[in-house]
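One structure is given here, and the rest of the page talks about it.
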Amino acid sequence: MECRKELLPADSCKPKPTDESKLGFGQIFCDHMFLMDYEKGKDWHDPRIVPYGPLALSPAALVLHYGQEVFEGLKAYRGVDGGIYMFRPQANLERMNRSNKRLCIPELPVQETLEHLFELVKTEHEWVPTLEGTSLYIRPTVIATEACLGVKVSSKYLYFVIMGPVGAYYPEGFNPVRIYVEENYVRASVGGVGEAKTMGNYAASLLAAEEAHAKGFTQVLWLDACDRKSIEEVGTMNMFFVIDGEVITSPLHGSILPGITRDSVLTMCRHWDLNVSERKLTIDEVLEAQAAGKLEEAFGTGTAAVISPVGSIHYRGTDYTVADGQTGPLSHKLYDELTGIQLGKRPDPFGWVVKV
Ligand code: COI
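Everything in the sequence shown is counted per my numbering, starting at 81 for the first residue and increasing by one.
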């Protein structure tokens, strides 16, 4: 499908940020966005790149009432050779289609959608920042647009992609974060939509996050919805713990987001012949290991957060320090390897990087 382009004249484009050390996350948007429509009987059609701006939407659009939506998050990087690279973009689109299935949204054609993504990034190539630790964050999203107040599957959708230059997701950057173990609220339960990347999961997390922030914690660590014992994930990241030489992360049993950074970390650790387990891990086991001096490190993984070391875990009124509150050696090694591959500084043995 040919992508129609309606571009702004150069003198109407916004000035690019001058100080890339102050980008923050998700506050600056590129000049253009990508749109494509779906209608029952017409499939996906009319792909177009247009100036960034408000969407025209009926106040009765199904997404606004019943949350039929999915989104993705991926990045484009300025490589050390000045070129623009993306990291496993196909994996994001494949995950998006799995989320689409769960939310009864028609799947996107992966290859064409990938080409449209490349086209948008190429159009906005000047927005890809150059400072180390920065990137162009890309947010593909699908929303149900049919106007109807009956609870039903929409017959119309809009797929859109917006983008903007970003720095570190957490104000701490690569410094260790403090996490709060949540026991009152749950994020998702098995059989629900926890493994889909959909807005409701994030809405469900807000109250716990607000309460944790008010107590001075960066992120909430979710436990399973049944026993409130097993580690699930942290707000915007999957979690890893290193206990007595074993690198452990929770299995993908239906309520956890299947992170692409999570998968990349597992692949790298296995490639390095580390002892890696995807297994159930309870908060009790983590804290017993901490008491016995066997909790070597803990870190979160995510597209936005990259590798985020955990300096302390707060559970039932007590702070438990991890790795002396410092960034552990595996977190360091993974961060260097992952960002090295993404920026073209290190070899890419897994074929993850795509030149745009
Ligand atoms: C990402 O890591 O891309 C995410 O989707 C996290 C986001 C909710 C900020």
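Ideal Cβ positions, reconstructed from N, Cα and C, are used throughout, including at glycine.
Only a predicted model underlies this, so the values are computations on that prediction, with no experimental measurement involved.
- Task: State the Cα-Cα distance for the pair T34 and L367, rounded to the nearest angstrom.
- Result: For the chain, the structure presents residues 81 to 436; residue 34 sits outside this window and is missing.
- Message: What I want to know is whether the C-beta of T75 ends up closer than 7 Å to one or more non-hydrogen atoms of ligand 1.
- Response: Here the chain covers residues 81 to 436 and nothing more, so residue 75 does not appear.
- Have a look at Q422, L197, V231 and M317 and flag the residue whose alpha-carbon is nearest the alpha-carbon of L142. Taking only the C-alpha atoms, the option nearest L142 is V231.
- Near I108, what residues of its chain come up, given a Cβ to Cβ distance below 7 Å and the 5 sequence neighbours on each side ignored? By the criterion of a C-beta distance shorter than 7 Å, I108 is surrounded in its chain by P97, G244 and P245, once the five residues flanking it on both sides are discounted.
- Message: In the DSSP assignment, the beta strand (DSSP E) including P156 goes from what residue to what residue?
- Response: Going by the sequence as given, residue 156 is Ala instead of Pro. It spans L154 to R158 - the beta strand (DSSP E) in which A156 sits, taken as one unbroken run.
- Message: Using C-beta distances below 8 Å, list every residue in its chain close to F105, excluding the 5 sequence neighbours before and after it, in chain order.
- Response: Only Y217, V246, G247, A248, Y249 and A384 meet the Cβ criterion.
- Pocket of ligand 1 (residues with CB nearer than 5 Å to any heavy atom), chain order: The answer, residue by residue, is G153, T316, G382, T383 and A384.
- How many angstroms separate the CA atom of V257 from the CA atom of P89? Whole-angstrom Cα-Cα distance: 43 Å.
- Query: So, helix, strand or coil for S38, using DSSP?
  - Reply: The first residue shown for the chain is 81 and the last is 436, placing residue 38 beyond what the model contains.
- Query: Given 8 Å as the limit, is there contact between the segment 232 to 240 and the segment 252 to 270, that is, 3 or more CB pairs closer than that?
  - Reply: Contact between the segment 232 to 240 and the segment 252 to 270 is absent: fewer than 3 CB-CB pairs across the two stretches fall below 8 Å.
- Could you check the C-alpha separation between Q148 and K122 for me, to the nearest Å? Their backbone Cα atoms lie some 20 Å apart in a straight line.
- Query: CB W207 to CB C83, shorter than 8 Å?
  - Reply: The answer is no: Cβ separation not under 8 Å.
- Message: Suppose you measure from the CA of R396 to the CA of H293; what does that come to, to the nearest Å?
- Response: Taking the straight line from one Cα to the other gives about 16 Å.
- Message: Considering only the alpha carbon of each residue, which of L87, D99, F167 and E291 lies closest to D343?
- Response: Per the Cα distances, F167.
- Between T203 and the rest of its own chain, which residues show a CB-CB distance below 8 Å, the 5 nearest in sequence each way excluded? Result list for T203: K85, L87, H112 and I129, in chain order.
- Message: Excluding the 5 residues flanking G56 on each side, which residues of the same chain have their C-beta closer than 7 Å to its C-beta?
- Response: The requested residue 56 does not occur in the structure, where the chain is confined to residues 81 to 436.
- How many Å lie between A283 and E313 at the Cα? Answer to the nearest angstrom: the Cα atoms are 15 Å apart.
- With distances taken between CB atoms, is the gap from I311 to L361 smaller than 8 Å? Yes.
- Query: How would you call F114, buried or exposed, if buried means at least 16 neighbouring beta carbons within 10 angstroms?
  - Reply: Buried, by the Cβ-count rule.
- Under 6 Å Cβ to Cβ from K120, same chain only, skipping five residues before and after it: list those, please. So the qualifying residues of the chain are S235.
- Message: If contacts are defined as beta-carbon pairs under 8 Å, then V436 and A156 qualify, I think. What distance do you get, rounded to the angstrom?
- Response: 6 Å between Cβ atoms; contact.
- Does DSSP put Y249 in a helix, a strand or coil? In the displayed model, Y249 falls within coil according to three-state DSSP, outside both helix and strand.
- So A369 packs on D324, CB below 8 Å; how close in whole Å? Going by Cβ atoms, the distance from A369 to D324 rounds to 7 Å, so yes, they are a contact pair.
- Task: Work out the CA separation of I387 and N318 for me, nearest whole Å.
- Result: Here the C-alpha atom of N318 lies approximately 10 Å from the C-alpha atom of I387.
- Query: Near T347, which residues of its chain fall below 7 Å by C-beta distance, leaving aside the five closest residues on each side in sequence?
  - Reply: Excluding positions up to five away in sequence, the list reads F430.
- When DSSP builds the beta bridges, which residues end up paired with S392? In the DSSP assignment, S392 is bridged to R258 and T401.
- Give me the Cβ distance between V434 and Y165, rounded to the nearest whole Å; I'm assuming they're in contact under 8 Å. Rounded, the Cβ-Cβ distance is 7 Å, consistent with contact.
- Query: Cα separation between P127 and D91?
  - Reply: Roughly 25 Å between the two C-alpha positions.
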